[in-house]
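*Asks:*
In the working numbering, the protein residues as written are 725 to 957.
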């Protein structure tokens, strides 16, 4: 690992994806962890597949990328199109819903972070990491997510190294402590975790759905139900 630059830090939450470099005061980029899908015109694709199956006598496999255009980032989601569906990258079980979309999220976020670090202003067309990656994961991240994320970062982005760390442990370290009770209020969940000497006690993790999104929705309902003053007089 000698000679490598500052590690890239990736923090994937249910509402935002934050990417930056170790030693910085704040992330280089913060973007929604949502993606948009637009169905493509698959008629031509189906004809090509039928011709291929006829000539090779073997069925062709289709990727979700062949059926949908995936848009990520604030600009991509803001450029709304007909039949476009915006979805979270996560299932309700904390599993990743669409790995092709996560790859696009990483490509956009890492590319933008690298462009900001180099101060060139040019977005790289192909992202190849020169720094190891520190991935902050939530305490309930399934092992299958971890394995697939590692595969994605190594095979698609050539990460020279990768280390997973639980987010509550990193929160303690950020406060200059190795032991503490960490309360994490996110968009979809609120979690309490116990960390002692840099180790997360998995059985102590408690979750609640009373989190940012629920509070925002209830606040909006309360505002909408408030009586409005008559300004006609």
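Glycine is no exception: its CB is placed at the ideal position from the N, C-alpha and C atoms.
1) Applying the criterion that 16 or more other CB atoms from any shown protein chain within 10 Å of the CB defines a buried residue, is residue 781 buried or exposed?
2) Report the option in 762, 861, 757 whose CA atom is closest to the CA atom of residue 814.
3) State the DSSP-derived secondary structure class of residue 935, mapped to helix, strand or coil.
4) Leaving aside the five residues before and after residue 887 along the sequence, list all residues of the same chain whose C-beta is less than 6 Å from its C-beta, in chain order.
5) Going by DSSP in three states, residue 859 sits in which element: helix, strand or coil?
6) Can you tell me whether residue 903 is helix, strand or coil according to DSSP?
7) Taking its Cβ as the centre, do 16 or more other Cβ atoms sit within 10 Å of residue 930, making it buried, or is it exposed?
8) Helix, strand or coil for residue 908? Go by DSSP, reduced to three states.
9) Would you report the Cα separation of residue 791 and residue 763, rounded to the nearest angstrom?
10) Considering residue 952, what are the terminal residues of the beta strand (DSSP E) in which it resides?
11) Mapping DSSP to helix, strand and coil, what is residue 926?
12) Cβ of residue 810 within 8 Å of Cβ of residue 737?
13) Taking Cβ positions, are residue 924 and residue 917 nearer each other than 8 Å?
14) Please state whether DSSP places residue 736 in a helix, a strand or coil.
15) Taking C-alpha atoms, which residue in 944, 937, 913, 921 lies nearest to residue 980?
16) Taking Cβ positions, are residue 826 and residue 851 nearer each other than 8 Å?
17) Which of helix, strand or coil does DSSP assign to residue 812?
18) According to DSSP, which residues form a beta bridge with residue 757?
*Replies:* From the atom records:
1) Low local confidence applies: a pLDDT of 45 at residue 781 is under 50, so the model's placement there is unreliable, with the coordinate-based value given in what follows. Exposed, by the Cβ-count rule.
2) 757
3) coil
4) Spatial neighbours of residue 887 in its own chain (CB-CB distance under 6 Å, excluding positions within 5 residues in sequence) are listed in chain order as 858.
5) strand
6) coil
7) exposed
8) strand
9) Distance from the CA of residue 791 to the CA of residue 763, rounded to the nearest whole angstrom, comes to 6 Å.
10) That residue, residue 952, is in no beta strand (DSSP E); it is neither H nor E in DSSP.
11) helix
12) No, the Cβ-Cβ distance between residue 810 and residue 737 is not below 8 Å.
13) Yes, the Cβ-Cβ distance between residue 924 and residue 917 is below 8 Å.
14) strand
15) The structure shown does not extend to residue 980, since the chain spans only 725 to 957, so no value can be given for it.
16) no
17) strand
18) DSSP output for residue 757 lists no bridge partner at all.
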